[in-house]
Each structure stands twice: as structure tokens, then as C-alpha cells.
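Everything below concerns the one structure shown next.
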Amino acid sequence: MNLRGKTVVLTGASSGIGAQAAVRLRAQGALVHLVGRDERRTRQVAEALDAPWYTADFEELADVHRLADELIRATHHIDVLAANAGAVMPDRHTADGIDATFQVNVLSPWLLMLLLADHLRGGRILATNSRAHKNAVIGLHSLEDLARGRQGVSGHRAYARSKLAAGILLREYGRRHRGIDVGDFHPGIIASGFGRSLGKRGAVTKVLARPFTDTPDQGAARLVHLASRTGPLAGTYYTRTRPAKASPQLPSRQLGAALWDFASDLTSSRRPAPGSASSTGRHSSTGR
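Be aware that the sequence shown starts at -15, since it is given in the working numbering, and climbs by one per residue.
What follows is the structure, given as C-alpha cells:
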């Protein structure tokens, strides 16, 4: 896909892979809309590229509704949604009463895709996944545990479980929106600040992994390569830029349907009243 003149929405754009991907996408002539949580850093990246930018906190579902409204008003069509935002969150619940890791990595990205579905018709969603998802298992009858909180589950395990859930939901989204191409990828082990919430274990892991890590720009190059891939992603999981073995649960239609209903219940019960989505105190900023 020639990205020149194409509209690309990139989340997690304020640092790391996202910030570097923004540079690469802009260099290819894409009309990039940058989304980040940190206003100062997102604005700096966007101003350097003369690109529109938005701030949104995925720990607040009302912020996701507001972001979707702003993107719908700012674009006629979205050719690519690069769903790159994600984090290993501290063990806490959000203001919506949901485990922070599950909300940031699963619920909010899914809700954004859902709200943008009409604008994404004929387009593509590429999500940043993690090979950690292969170490997780989700029980069909224990979905409540995903949103309830850690309850003795380690931060790494909670993150792995959330990336598996996100991947299952992404494929269910593709089945329900046949006109939207979907896929996800593990960008490699990237030398960045990601995983700082894992505490001492995360710090030790980063030191041990340093000789084997890739740079954020290498991860960004892989994101852009897949985002502009000529053939369809067709629900494929990639490691770097090659199709790879994924969890056998990833394509499960039964889990996909159950998670879809679960996510729908969680978000519909917390849907903001008309006109209230922008009253959270976290107003998005846009620039041209």
C-alpha cells in the first residue's frame, strides 16, 4: 500500500516505537493523526512533523469516546489505525472500576476500534501485540477475573493475559467487520521505558535482555512495513514482519464471542451521557 495521502491514526505516539513510527509514516507522505497520553511529549512529536495530535487517557472510557468523536470530526476516512498504545500498568483499578492493565490494553483499544468502525470501512487495523500472549490462557467461564484485578497474579502475567484477550477481540472484530482488514505483531524486544511498572523484576529483565534488544526505530520500521503491506493481514499474527506461531486461543470463535459480549457489557454500563464525554477534565488538544 502506498501510504502517500493515506490517513493513518497512530496511538501510543508520544514515545518509543510510536514516536519513531510517526516520523517514518510522515516521511512516506501519510496524513498522520497522533494520539498520546502525555500532552507535552505528544505535542512535541506532532509539531516536529506538522501533524494533528490528540491526547487521551485509556484509563478513562469517557476519554476514548471523546477521542473517537474528535477523530471522526477531523477525518473523512481512516485508511490505517495503528493501535500501538499499551502498557504494563500498576496493580490498581481505573475510575471505571476495571483493572488498569485490562482496560488500557484491551477494553479501550477495542472501544476505539468499535467507535471508528464506519470510518475504517475498507481500511486496516494493525495492533501491537507481544509474544508474551503465548504464555497466557483465558478460561471461558472466568472472564470476570480479567477485569477484577490481579488477585495474586503477577504484573507480567496480567500483561500477557491482556495481550491475548486483545488479540482474540481483534480477530472477532475482523469477523464482524468484514470490510476491515486486521492483524497484529510482536515488534521485537525493544530497548525503551516500556515495562517500568514491573518493578525490580522488570529492571533486572531489561539489564539481562539488553544485548538482545532492538531499537525503537527498528520496531517502528516493522510497524510501518506491516501497515503498508500490499496483501491483506487477514488476521495473521507476525513476529517482527514474518507470520509466526501464536496462541491456539487467538482465533477461537467461542472465546471471541464471549469476550465481545463481556467487553460490550463493561463499556455499555459505563457509557457517558450525551455531551458529557469531554467533561472529564482531560481535554484533547489538536494541532495542524
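Cβ coordinates follow ideal geometry from the N, Cα and C atoms, glycine included.
Model, not experiment: these values are computed from the prediction.
Can the beta-carbon of V29 be found closer than 9 angstroms to that of R108? Position 45 of the sequence shown, counted from the first residue, corresponds to residue 29. Position 124 of the sequence shown, counted from the first residue, corresponds to residue 108. R108 is positioned such that its CB atom lies no closer than 9 angstroms to that of V29.
State yes or no: is the C-beta of L95 within less than 9 angstroms of the C-beta of T251? What you label residue 95 is simply residue 111 of the sequence shown in a count that begins at 1. What you label residue 251 is simply residue 267 of the sequence shown in a count that begins at 1. Their beta carbons are under 9 angstroms apart, which means L95 touches T251 by this criterion.
Is the beta carbon of D75 closer than 9 angstroms to that of G133? Along the sequence shown, read from residue 1 onward, the residue named residue 133 stands at position 149. Along the sequence shown, read from residue 1 onward, the residue named residue 75 stands at position 91. Their beta carbons are under 9 angstroms apart, which means G133 touches D75 by this criterion.
Simplified DSSP state of V7, which is helix, strand or coil: Locating residue 7 in the sequence shown gives position 23, counting from the first residue. When secondary structure is reduced to three states using DSSP, V7 falls in the helix class.
With DSSP run on the structure shown, which of helix, strand or coil describes T85? Sequence index remark: in the sequence shown, residue 85 carries index 101 (1-based). T85 falls in the helix class under three-state DSSP.
Among residues of its own chain, excluding the 5 on either side of R21, which ones have a beta-carbon nearer than 6 angstroms to its beta-carbon? Working through the sequence shown from its first residue, we reach residue 21 at position 37. Sequence-distant Cβ neighbours of R21 in its own chain, meaning closer than 6 angstroms and more than five residues away, are D41.
What's the gap between the Cα of I152 and the Cα of P227? In the sequence shown, the residue the question calls residue 152 occupies position 168. In the sequence shown, the residue the question calls residue 227 occupies position 243. Here the alpha carbon of I152 sits roughly 17 angstroms from the alpha carbon of P227.
Less than 9 angstroms between the beta carbons of G172 and I164, yes or no? Here residue 172 refers to the residue found at position 188 when the sequence shown is read from its first residue. Here residue 164 refers to the residue found at position 180 when the sequence shown is read from its first residue. No, they are not a contact pair.
Runs of beta strand (DSSP E) lying entirely within the stretch 37 to 94, each at least 3 residues, in chain order: Runs of the beta strand (DSSP E) lying entirely within the stretch 37 to 94, each at least 3 residues long, are 37 to 39, 64 to 67 in chain order.
With 16 other CB atoms within 10 Å as the buried threshold, where does N68 fall? Here residue 68 is taken as the residue at index 84 of the sequence shown, counted from 1. Burial of N68 is indicated by the presence of at least 16 other C-beta atoms within 10 angstroms of its C-beta.
Kindly identify the DSSP beta-bridge partner or partners of G20. Taking the sequence shown and counting its residues from 1, one reaches residue 20 at position 36. DSSP, once it has assigned bridges, lists T39 as partnering G20.
Proximity to I1 [Cα-Cα], best of L18, L(-13), M(-15): Taking the first residue of the sequence shown as position 1, residue 1 is located at position 17. The candidate whose alpha carbon is nearest that of I1 is L18.
Distance, F86 Cα to A116 Cα: Taking the first residue of the sequence shown as position 1, residue 116 is located at position 132. Taking the first residue of the sequence shown as position 1, residue 86 is located at position 102. Within the model, the alpha-carbon separation for A116 versus F86 is close to 15 angstroms.
What does the Cβ neighbour count give for P285, buried or exposed, with the cut at 16 atoms within 10 Å? One cannot answer for residue 285 here, as it falls past the ends of the chain, which runs -15 to 272.
Indicate the three-state DSSP secondary structure (helix, strand or coil) for D165 in the structure shown. By one-based count along the sequence shown, residue 165 stands at place 181. Residue state for D165 is assigned as strand, using DSSP reduced to three classes.
From V121 to R145, what distance separates their C-alpha atoms? Indexing the sequence shown from 1 puts residue 121 at position 137. Indexing the sequence shown from 1 puts residue 145 at position 161. When rounded, the distance between both Cα atoms is 7 angstroms.
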